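Structure record follows, encoded as structure tokens.
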Amino acid sequence: MLREAEEPEQEKIKERAPQPQQAPQPEQGKKPTIQTVAPQQPAQQPQKIVLRAAPPAPQTEDEKARREREAREFAAEFEKPAFEAKEEAKALAPKLGILTKFKSLFSGTVALSEGEVQPVLAELEIALLESDVSFDTAAFLIQDLRKRLVGKQVPRAAIAETVQGEVRGALSGLLGSRRVDFWPRIRSKKPCVILFIGPNGSGKTTTIAKVADLLKRKGLTSVISASDTFRAAAIDQAVLHGEKLGVRVIRHDYGADPTAVAFDAIAHAKANNIDVVLIDTAGRQETNYNLVREMEKMNRVLQPDLKLFVGEAVAGHALIEQVKKMGEAVKGIDGLVLTKIDCDAKGGSSLSIAHEAGVPIAFIGTGQNYADLQDFDPEWLVERMIPTAA
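Quick note on the working numbering: the sequence shown kicks off at 31 and runs consecutively.
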């Protein structure tokens with residue numbers, strides 16, 4: 031019975047099952063349609079026979095280079111604003127003094143620890159070097175400032191002012207550590223003999239004329255010894271200055287012994303109760319053996335009361351070496367006369383000379399006129415480098 035009941039049921043299933051159909055014949059003039067094939071026949075799948083776009087042609091080297099350049103330019107657009115902003119801020123930074131650069135670093139109360147001070151000192155060292163201060167002098171000042179600043183407690187808003195005050199103090203201390211007692215020595219002996227030495231072209235003869243004018247304005251008399259018998263027109267130049275100033279010039283012929291000329295000038299000063307003898311000498315480099323030996327002889331015979339080295343403020347390290355070598359030859363130099371200091375715009379060269387040469391600055395020349403010579407005041411140079419208003 032069960033078998034008989036199952037047979038009609040199977041017949042029904044067969045009737046419901048779809049019967050395969052004959053593929054329709056394509057009509058004339060029409061393209062045959064593509065039937066989807068069974069998955070077990072991947073070679074006949076539709077996606078394998080669908081027409082595709084042709085692949086792009088390979089790029090030439092020029093095209094690749096162009097695309098790489100465009101990519102680099104596109105990437106650069108993201109970096110350019112930050113870089114330009116940094117450069118613009120740097121360009122707009124005021125140049126009022128060597129501390130202006132890091133005034134913007136500070137804005138409460140803070141203890142100046144080593145970590146607080148170091149960035150400031152690093153900026154300051156760069157500013158000093160940019161102001162023509164030598165590396166050794168800048169390092170000396172930075173070390174001194176580190177001792178002055180570390181441990182201080184100051185309002186954060188006043189850090190820049192505190193640093194500025196300490197820098198001014200360090201500079202003043204460096205420049206004022208050696209002073210020339212020029213005027214007391216001038217008045218302590220009569221006549222006071224001053225020997226001027228220095229390299230060629232430093233302005234010794236003109237400086238001597240300026241000193242003669244300064245002495246005259248202070249009520250002191252002087253005589254000039256034209257002991258530069260080597261340079262052409264040196265004697266004539268000294269005589270011309272003497273005529274303008276009303277100061278006697280003792281001279282011999284060119285090629286004469288410079289020591290003999292100076293000896294006659296000293297004798298003239300003693301005989302005529304003159305206060306100061308100003309001895310001009312030929313310019314010489316420290317490497318010229320014969321001229322250096324001649325200077326040794328003059329120093330030994332004349333025994334001057336003061337020996338002043340005349341040099342250009344803008345000469346920098348070269349002048350430092352000259353001062354040291356000539357100081358050895360004449361057994362010490364008492365003071366420096368820095369000429370053309372008006373050309374040392376930042377003042378750093380003068381500071382380096384004063385520190386490294388180991389000789390104090392006596393006078394500074396600020397121009398071409400006779401009145402353009404003044405006693406050196408350390409505060410003048412400090413103010414020149416770091417204006418109070420900065």
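For each residue, glycine too, the CB sits at the ideal point set by N, CA and C.
Values in this document were obtained by computation on a predicted structure and should not be read as measured data.
The beta carbon of G397 sits closer than 8 Å to the beta carbons of D372 from its chain, once the five residues preceding and following it are set aside; these are given in chain order. Judged by DSSP in its simplified three-state form, E342 adopts strand.
Taking 8 Å as the cut-off, the Cβ atoms of L225 and I309 count as close. When DSSP states are grouped into helix, strand and coil, F293 belongs to the helix group.
Following the DSSP letters along the chain, one finds D243 inside the alpha helix (DSSP H) bounded by residues 234-247.
Taken atom to atom, the span from the alpha-carbon of V340 to that of Q352 is near 10 Å. Note on geometry: alpha-carbon atoms of M328 and D258 lie some 12 Å from one another. With a 10 Å radius around the Cβ and a threshold of 16 neighbouring Cβ atoms, D243 comes out buried. Beta bridge pairing from DSSP links T369 with E342. In the DSSP assignment, L308 is bridged to I224, I254. Taking 8 Å as the cut-off, the Cβ atoms of V412 and S252 do not count as close. When rounded, the separation of the alpha-carbon atoms in H298 and V306 is 11 Å. With contact defined as three or more Cβ pairs closer than 8 Å, the segment 196-214 and the segment 281-290 are not in contact. Beta-bridge analysis with DSSP links Q333 to no other residue. Comparing alpha-carbon positions, the option among C222, P229, K177 lying closest to G357 turns out to be P229.
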